[in-house]
Structure formats: structure tokens, C-alpha cells
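Below is one structure; the comments refer to it alone.
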Amino acid sequence: MAIIKAQKGTKDILPADIGLWHFMEKTALDIFSRYGAKEIRTPIFEATELFARGVGDTTDIVNKEMYTFEKSERSLTLRPENTAGVVRSFIENGMHRLSAPVKLWYKGPMFRYERPQAGRQRQFHQVGVEVFGIKQPTADAEVIFMATNYLKALGLNNLSVEINSLGCPDCREIFKSKLKEVLKPYLSEMCPDCQTRYEKNPLRLLDCKVPECNEIYAKPEIQSVIQSDFICDDCSSHFEELKTYLNELKIDYSINKLLVRGLDYYNRTVFEIKSNSLGSQNAVCGGGRYDSLVKNLGGEDTPAIGFAMGMERLAALLNEKMEYKTHAFVISNNSLEAIKLTEEVRNAGFSCEFDLTNKKFVKQLEKASKVAKYALILGEDEIAQNKVTVKNLETSEQKTVNRDSKFFI
Ligand code: HAM
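Going by the working numbering, the first residue of the sequence shown is number 2, and it counts up by one from there.
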């Protein structure tokens, strides 16, 4: 009979790799707690409308990549990202009444119907942070510190931080119309997606990966608009203050004027962290400010900023195996005594196993050397004298001690 396989673009996280995932999750709890962030867990599916209104109906995510289905005449969607869901929960649970800033972090699976390739899956995992209630650039700086310190705590370097400012709706309108003006003569040469973007969201043109489009956008008269400082005085001083904080705290960053991000909710600061050791899917972290989203989704006017990181991409960079070893393995031909001692050790708070099939002594020792740090040997002598021989399986040192002593600590 044909076996049923995991779906294209999805992967099992197997026991051999789970140590790495626990490490990423524990480090997130540790680092984000230092900044006062609390974990939030929101549902995996939400009303489709949340993403259409939240992420934006001109984005690839909403137009092409959502897993949408109907149940009881309601249109539901598996979350393609979690900012919209966290904002929904912030509004629904009246979190604007809490003292600002409200700092939330999350981890979990996201779903996008994309063409799978190295570093790009259809079910992938993100760890992310959202900070609500602060309009000052101190929040932008703090969020970037949270991201860089998390990556540092994972032991990752060889990463580059890119930042940009998308300005506010007012200054961005002026930029959009200048961009449209200079691009108008090339409209018919652009890819079909860019022709739609030109009408609906010209900023997204800068994100196009089609070589023919990139050739057009590289033309000097177009570059001079892209590279111009279009943002207004308020947005500019916000960006300058952020740069001061990053400079003073020695965060290595560069400014990328082409960084526009693939979601519609951003204004002012956007940023990405890229790895120099991954292939084309090299963004490990993406984020930015989204000051209008809470209001657009029906909440009180609340500024916010956050980021998310792709955990599969982090895992690929960490790629060392973090195998868990059982603390102790009981070796005995007397199953009853083995069960008793194993439970004693477990009740004392340590992982412990014994051979459930009661194989020969030597076989049990072989197994113990593979899976455990210590062998606890219960031979006939030990059982008669209420003792146990503790063998360190890394150094081979061993000693026989009283069974009721706290030998396993
Ligand atoms: P995003 O840039 O769409 O932003 O995704 C963030 C990160 O998730 C990416 O940098 C990448 O590491 C990972 N990622 C995205 N798609 C995939 C995929 N198909 N396979 C593997 N990894 C992927 C957001 O999702 C925003 N919600 C970030 C944010 C939070 N902005 C403000 N707050």
C-alpha cells in the first residue's frame, strides 16, 4: 500500500533535532523576559478578513499565499503571520487599558502557500515580538536590541542589520506619486505583478525580484527618486534618533532604501536581519513600525512596532545537533529492582531509563553508553547489599555507593 507522506512544503521536526528547537524557544523566553515581554498564544486560524484588512489586499501573502477555507459559511484562514492576530487579541482583550508599553512575544507555526525551496516552507515557524503604545524611537531601538540580543544569545553572528524609513502616509504619498511619474514611460515593460503594484501600491515595486523590472529600476533617473530623502521632518528626526541609539549601542547596521517589506501595515522604521551564510532566502528577521494597524482593525489609536524571525532559518544556521542524553540508565537482570530504582531516580527529578526487554547485561551496558550519561548497575551483589554501582559513561570512572544515598545528584 502506498505510504502517506508529509505535504509538500511541510517538515517533521524529529527527535534528533528537537534539542535545537527547545534551545531556540528557551532562549526566546529568557531574552524577551529581560525586556519585560510576556508570551501570548493566539489561535492558528482567524477570520480571513483579519488578514485582508491587516496584512493588506495588495500583498502577495493575501493575494496568492493564504490557506483559506469555509466552515459554517464563515471564511477562515490559517495565519500567514502573527502580527494581525496579536493586534486582534490586543483590541479584543482591551490591552490598551494596560500601562504602556505592552510587550508581547510569540512562537508557533505560520502557513503560506509559497513555492517551497531551501529556507522557504508552506508551514514554517516564527518567533516574534510586538510592542504596543510607544511612538518614540526608543521603542524602535529597543525592539532592534531584542532581535539582535536574541540572535547573539543563540550564538549567531555573520548577520547584517538593514534599516529604512518608509515615512508616514503623508510623505509617502508624495514619494509614491514621484515614483509613478518617473516610472510611467516603462509601465508596459514591467512584469504583470508590477503593473498591478504600480496602480495599487507603487512602493512594493521596489521589492520585485524579476530581472527585467530590476533593470528598469536601476536606471539613474529612477534611482535618483528611490535614493532621495523623501521623508518629512518629523519622520526624519524619528529616524535620526533611532540611528543615534543604534550607533551608541554599537549595533552594526546599514541603510537600505530598497527595503520596503512585503506587508502593507508598515510606516516609518522597517528593518531586516540577513545572514551571509544562507542562500537566496537569507532574511532571518523582518519587522517594523505599524502605527495605524490597531486603529484600522477597530481599536484605539495605538502606535506599535515588532518583528518576527523564521525559526527554520535560525535552525539551519545553528545546524549543530543538540542531542539530549538520558541522565541515567539502570542495568540489571532483575527487572523488578530495575523498575524500582528507575522510578526512584525519576522521582528525584532526573531522567532515567532501564531495559524494558531484560536483555543480557553486556547488551544493556552497550545501550546505556549510547543514550545515557551514567549507568546505574544493580548486580546480584549490589542488590544483596542494598548498593548501586554508578558508572560515568564518559570517563568510565565508577564507584559503589549506598542505594539510599543521593548518589544520582
Ligand atoms: P515576514 O518578513 O513576512 O514578516 O516574515 C518574518 C520572517 O519569517 C522572515 O524574515 C523569514 O525568516 C520567515 N519566513 C517568512 N516566510 C517564510 C517561509 N515561507 N518559510 C520559512 N520562513 C519564512 C512578518 O511575518 C511580520 N509579521 C513581522 C513583523 C512583526 N512585523 C512587525 N511585527
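Where is the CB? At the ideal position from N, CA and C, for every residue including glycine.
This one's a predicted model, so the numbers in the text were calculated from it and none came from an experiment.
Within the present structure, is the beta-carbon of residue i separated from the nearest heavy atom of ligand 1 by less than 6 Å?
i: G109; result: no
i: A53; result: no
i: E82; result: yes
i: V103; result: no
i: V402; result: no
i: Q118; result: no
i: A309; result: yes
i: F33; result: no
i: F125; result: yes
i: A29; result: no
i: Q122; result: yes
i: R173; result: no
i: I143; result: In the sequence as displayed, the identity of residue 143 is Glu instead of Ile. Every heavy atom of ligand 1 is 6 Å or more from the Cβ of E143, so no.
i: G129; result: yes
i: G288; result: yes
i: V391; result: no
i: R98; result: no
i: R42; result: no
i: A284; result: yes
i: I205; result: It should be pointed out that residue 205 corresponds to Arg in this sequence rather than to Ile. R205: no, Cβ never under 6 Å from ligand 1.
i: E66; result: no
i: E26; result: no
i: E182; result: no
Answer with buried or exposed for residue i, where buried requires no fewer than 16 other C-beta atoms within 10 angstroms of its C-beta.
i: H239; result: buried
i: E131; result: buried
i: Y325; result: exposed
i: R80; result: buried
i: E143; result: buried
i: P138; result: buried
i: A376; result: buried
i: M2; result: exposed
i: I164; result: buried
i: D405; result: exposed
i: D265; result: buried
i: S76; result: exposed
i: P212; result: exposed
i: M147; result: buried
i: R98; result: exposed
i: D302; result: exposed
i: P304; result: buried
Does DSSP put residue i in a helix, a strand or coil?
i: E354; result: strand
i: R290; result: strand
i: I306; result: strand
i: S229; result: coil
i: A3; result: coil
i: A373; result: strand
i: V144; result: helix
i: S34; result: helix
i: N83; result: coil
i: Q365; result: helix
i: E273; result: strand
i: S100; result: coil
i: Y267; result: coil
i: M25; result: helix
i: K329; result: The displayed chain sequence assigns Ala, not Lys, to residue 329. The answer is strand: DSSP assigns A329 an E or B state.
i: V162; result: strand
i: M323; result: coil
i: P117; result: coil
i: K210; result: coil
i: G55; result: helix
i: Q386; result: helix
i: Q196; result: helix
i: P44; result: coil
i: Q122; result: coil
i: L337; result: helix
i: R404; result: coil
i: V261; result: coil
Mind checking whether the beta-carbon of residue i lies closer than 6 Å to any heavy atom of ligand 3?
i: E115; result: Absence of ligand 3 is noted for the structure shown, with ligand 1 being the only ligands found.
Against chain D, with Cβ distances strictly below 7 Å, would residue i count as a contact?
i: L394; result: No chain D appears in this structure, which consists of one protein chain only.
- [ ] State whether the stretch 181-197 contacts the stretch 339-358, with contact taken as three or more CB pairs (one from each stretch) at a distance under 8 Å.
- [x] no
Open item on the list: Tell me whether the stretch 168-182 and the stretch 229-239 touch, counting them as touching only if at least three CB pairs, one residue from each stretch, are closer than 8 Å.
Closed with: yes
Task: Inter-stretch contact (C-beta, 8 Å, three-pair minimum) for the stretch 379-396 and the stretch 326-344 - done: yes
Open item on the list: Count Cβ pairs between the stretch 83-92 and the stretch 8-17 that sit closer than 8 Å; are there 3 or more?
Closed with: no
Open item on the list: With three or more beta-carbon pairs closer than 8 Å as the criterion, would you say the stretch 278-296 touches the stretch 313-323?
Closed with: yes
Open item on the list: Under 8 Å, with one C-beta from each stretch per pair, do the stretch 29-48 and the stretch 249-257 reach the 3-pair mark?
Closed with: no
Open item on the list: Using 8 Å as the cut-off, can you tell me whether the stretch 97-108 makes contact with the stretch 200-217, which would need three or more C-beta pairs spanning the two stretches below that distance?
Closed with: no
Open item on the list: Quick test of the definition: if touching needs 3 or more C-beta pairs under 8 Å, does the stretch 179-192 touch the stretch 213-224?
Closed with: yes
Task: contact_flag[the stretch 64-76, the stretch 105-116] where n(CB pairs < 8 Å) is 3 or more - done: yes
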